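The sequence shown lines up with residues -20 to -1, 1 to 217 when you count with mature numbering (1 follows the signal peptide of the UniProt record, and there is no 0).
Where a beta carbon is used, it is the ideal one built from N, C-alpha and C, also for glycine.
These figures come from a predicted structure and were not determined experimentally.
Here's the structure we're looking at; comments come further down.
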Amino acid sequence: MAMMLQLIFVLSTLISVTVSIDVFGHFGISVELDIQHPVPEFHDLFWVFNRAYNVLKYSKKHKESTFYSHYKGRVEFNVETYRLTLKNLQKTDSGLYEAKASGNKVRVVAEYRLSVLDPVEAPVLTYQLNRDTYIITLTCRGHDISIHSSCSIETCEEKEVTSPGGIALSLSVKSSTVICNHSNLVSWKTDILELKELKGLCADKGVTGYIVGGVVGVIVIILIVVVITMRKSCGTN
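This is how it looks when you write it as structure tokens:
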């Protein structure tokens, strides 16, 4: 029983050390990677990329940080918290980052899986009016996906779609604004349309009806006047 408890403790310790945290950032920004677990006594502390490339080495005895060539000028290191800051992210920075404390044993005290993504492009929100039904079709486009929604004079149908790559496109109404939102895990952009513009289009239906009714009324009056005039002329003759 004692051996079983000891085995469970060892396994739980290993799991707590080796589980990585997903981190997302977009091209050109900075991300901070903090130590996740208590740091034991050590001689040197390394931040390592993809378990093969050293990012930096910190010597506790000399209180000195050594930055390796590929990362010079692109990383910062906090000697008190051992935090690593990666600056001006590039796509090639995507991968596994580990902090290893080297003393009597080597302990992994932080592990992150970084994904560097492109920021999303601005979406485009357009509309088209059906003159027969006066239903407005909204189209929200972003990247290589699009969604369509129907609008009446009172309401607009809200929709959302997410691609397998985590890119989301949504069409929603907030107060008096239709919002087309394009986003991923690191950025978002919008295009908007005021509802009063759409209501103005629908209002044209009423205006058109009044105009047609007015024209028909004028024609009827003219015809009546012509008929009466002709009858009077015939009666006189």
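Distance from the CA of Val(-2) to the CA of Leu94, rounded to the nearest whole angstrom, comes to 13 Å. Beta bridge pairing from DSSP links Ile1 with Tyr92. Assignment of Ser130 by DSSP, reduced to helix, strand and coil, places it in the strand class. Rounded to the nearest whole angstrom, the C-alpha separation of Thr46 and Cys136 is 59 Å. Between Leu151 and Cys131, the C-beta spacing is not below 7 Å.
Judged by their CB atoms, Val153 and Val89 are not nearer to each other than the 7 Å cut-off.
Buried is the label assigned to His162, since at least 16 other Cβ atoms lie within 10 Å of its Cβ.
Annotated three-state conformation of Lys169 is strand, per DSSP.
Inclusion of Glu56 and Thr65 in the CB contact set at 7 Å is warranted, their separation being smaller than that value. Bounds of the beta strand (DSSP E) holding Asp24 are Asp24 to Phe29. Taking the Cβ atoms as the reference, Gly83 lies roughly 6 Å from His23, within the contact range of under 8 Å.
Between the stretch 140 to 148 and the stretch 156 to 174 there are three or more C-beta pairs closer than 8 Å, enough to call the two in contact.
Classified as exposed, Glu60 has fewer than 16 neighbouring CB atoms from the shown chains inside 10 Å of its CB. In the DSSP secondary-structure assignment, Gln108 is bridged to Thr117. DSSP places Thr61 outside both helix and strand once states are collapsed to three, so it counts as coil.
Beta-carbon to beta-carbon, Val96 and Leu69 are separated by about 5 Å, close enough to satisfy the 8 Å threshold. Within the model, the alpha-carbon separation for Lys43 versus Lys37 is close to 10 Å.
The alpha-carbon of Thr142 is positioned some 25 Å away from that of Ser156. DSSP places Ile147 in the coil class of the three-state scheme, outside both helix and strand.
Counting the other Cβ atoms within 10 Å of the Cβ of Ala81 gives 16 or more, which makes it buried. Between Gly8 and Asp73, the alpha-carbon positions lie close to 11 Å from each other.
Within its own chain, the residues whose Cβ lies closer than 8 Å to the Cβ of Arg54, once the five positions on either side in sequence are excluded, are Leu66, Lys67 and Asn68, listed in chain order.
Looking only at Leu13, Asp112, Thr113 and Thr106, the smallest Cα-Cα distance to Ser129 is reached by Thr106.
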